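A.B. asks:
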Amino acid sequence: MPVWVALVFSVLIGALYAVQSRVNGELGHQIGDGFTAAVISFGSGLVILTLGLIVFQRGRRGLQLVARAVKSKHLSWWHLLGGLAGALFVLSQGLVAAPLGIALFTVAVVAGQTVSGVLMDRFGIGPGGRRPLHASKIVGAVLALGAVAFTVSGELRGSGALWLLALPLIAGIGQGWQQAVNGQVRVTAQSALTATFLNFLTGSIALVLAALVHGLLVGFALEGLPGNPWLYTGGLIGCIFIAGAALVVRTTGVLMLGLCIVAGQLVCALALDLLAPTQGHPLGVTTIIGTALALVAVVIAAVRWRRPGHARA
């Protein structure tokens, strides 16, 4: 895959992250239970992917290849746990995306993704192996964090919801690790469908257990399922962007994938807040400026960047 195609695709993946955050956040708000909203989102994605495995033989063959690789220790068992990070991300959407607003939720996730992308490339967790951190990448990552800090400083002035940022921040850190290990599984399975299915399988199990524990502790207080069908598309959106990230991470590296996702997330979050603002979270000037800074960061990180020779197919 050409590098420029992978980078553009990565930006589109980021836009899907923002759309899913709005969908799952609104679903959790209307249901009154973010845990149940997360189970619905991940569970629907698992159903879609299970049907895909039934239809496509390559996906089923990928499961066999992964099982052999784990048994022979060519693939570590913990590479199959990327879905846990995805589960945390979807859970954070259902719990705090609506109270924080999409823009503020997004910049918290972005901060975690940027830090995680640097670490994953530095230690070679992704399928492309260890990648050198050139000055342009480091400057771009620092500027991206600066854009996040600037945006958050304006959005949180006088707000009592600062503690809510911890969940999306941690979820963002997990996203970089998820993209790296899912990429490894995709290479082993020779199928993005297989990697995505395993991601949703582990994530769904974790979310069901979490929802049961939460329900037993505080009660199952559901307010009824909403009738808007768009609120149930979170799982489908997740299938698309997780499979897409697993497909391109070998070409882009985890850091560049994360920076491009940052751009897509912030631009789409900005558009969502302009076209359909969340109640109580009007779009601020700092969000617009922060989005522009994040885009500049992606451009800087991409300057003089070349695809490493060992990543060529």
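In full-length UniProt numbering, the protein residues as written are 1 to 313.
Backbone N, C-alpha and C fix where the C-beta goes; we use that ideal spot for every residue, glycine too.
Every value quoted in this text rests on a predicted model; they were computed, and no experiment measured them.
#1: Spatial neighbours of W177 within its chain, please: CB distance less than 8 Å, with the 5 preceding and 5 following residues excluded, ordered by chain position.
#2: Between F89 and P168, what straight-line distance do the alpha-carbon atoms span, to the nearest angstrom?
#3: Who are the Cβ neighbours of G34 in its own chain at under 6 Å, not counting the five residues just before and after it?
#4: Just to check my reading of the structure: V110 and A141 have Cβ atoms closer than 8 Å, yes? What is that Cβ distance to the nearest angstrom?
#5: Thinking C-alpha only, which one of I13, A18, T286 is nearest A276?
#6: Roughly how many angstroms separate the alpha carbons of G258 and Q175, rounded to a whole number?
#7: Under the rule that 16 or more other beta-carbon atoms within 10 Å means buried, what is V213, buried or exposed?
#8: Could you pull out every residue in the same chain whose Cβ sits closer than 7 Å to the Cβ of F9, ignoring the five residues on either side in sequence?
#9: For residue 364 versus L193, is the C-beta spacing smaller than 7 Å?
#10: Just how far apart, CA to CA, sit G158 and A166?
#11: What residue from I54, A206, I240 has the CA that sits closest to T196's CA?
#12: Let me confirm a value: I261 is counted as buried when at least 16 other C-beta atoms fall within 10 Å, else exposed. Which label applies?
#13: Who are the near neighbours of A263 in its chain, counting only those whose CB is closer than 7 Å to its CB and skipping five residues on each side?
#14: Report the rounded CA-to-CA distance for L104 versus T114, giving the unit in angstroms.
#15: How would you label F123, buried or exposed, when you count the other beta carbons within 10 angstroms and need 16 or more for buried?
#16: Quick check on H74: buried or exposed, where buried means 16 or more other Cβ atoms within 10 Å of its Cβ?
#17: Assign V185 to one of two classes, buried (16 or more other C-beta atoms within 10 Å of its C-beta) or exposed (fewer than that).
#18: Closest by CA to G62, which one among G183, I242, T188, G284?
#19: If you reduce the DSSP assignment to three classes, tell me which class Q190 lands in.
#20: Any idea if residue 317 is buried or exposed, counting beta-carbon neighbours within 10 angstroms, 16 or more meaning buried?
#21: Which residue wins for smallest C-alpha separation from L49, given the options L270, R250, A271, I242?
#22: Distance, Cα to Cα, F200 vs G146?
#23: How far does the alpha helix (DSSP H) with D121 in it reach, from first residue to last?
C.D. replies: Quick answer:
#1: G82, A85, S116, M120, I125
#2: 7 Å
#3: Answer for G34: G28, G94, L95, listed in chain order.
#4: About 11 Å; that fails the 8 Å criterion.
#5: A18
#6: Their Cα atoms are separated by approximately 9 Å.
#7: Flag for V213 reads exposed.
#8: G244, V248
#9: Residue 364 is absent from the model: the chain starts at 1 and stops at 313.
#10: The predicted position of G158 is uncertain, since its pLDDT is 49 and thus under 50; no value can be drawn from it.
#11: I240
#12: buried
#13: V11, G14, A294, L295, V298
#14: Going from the Cα of L104 to the Cα of T114 covers about 16 Å.
#15: exposed
#16: exposed
#17: buried
#18: T188
#19: coil
#20: Limits of the chain in this structure are 1 at one end and 313 at the other, which puts residue 317 out of reach.
#21: I242
#22: Here the alpha carbons of G146 and F200 stand approximately 33 Å from one another.
#23: 102–123
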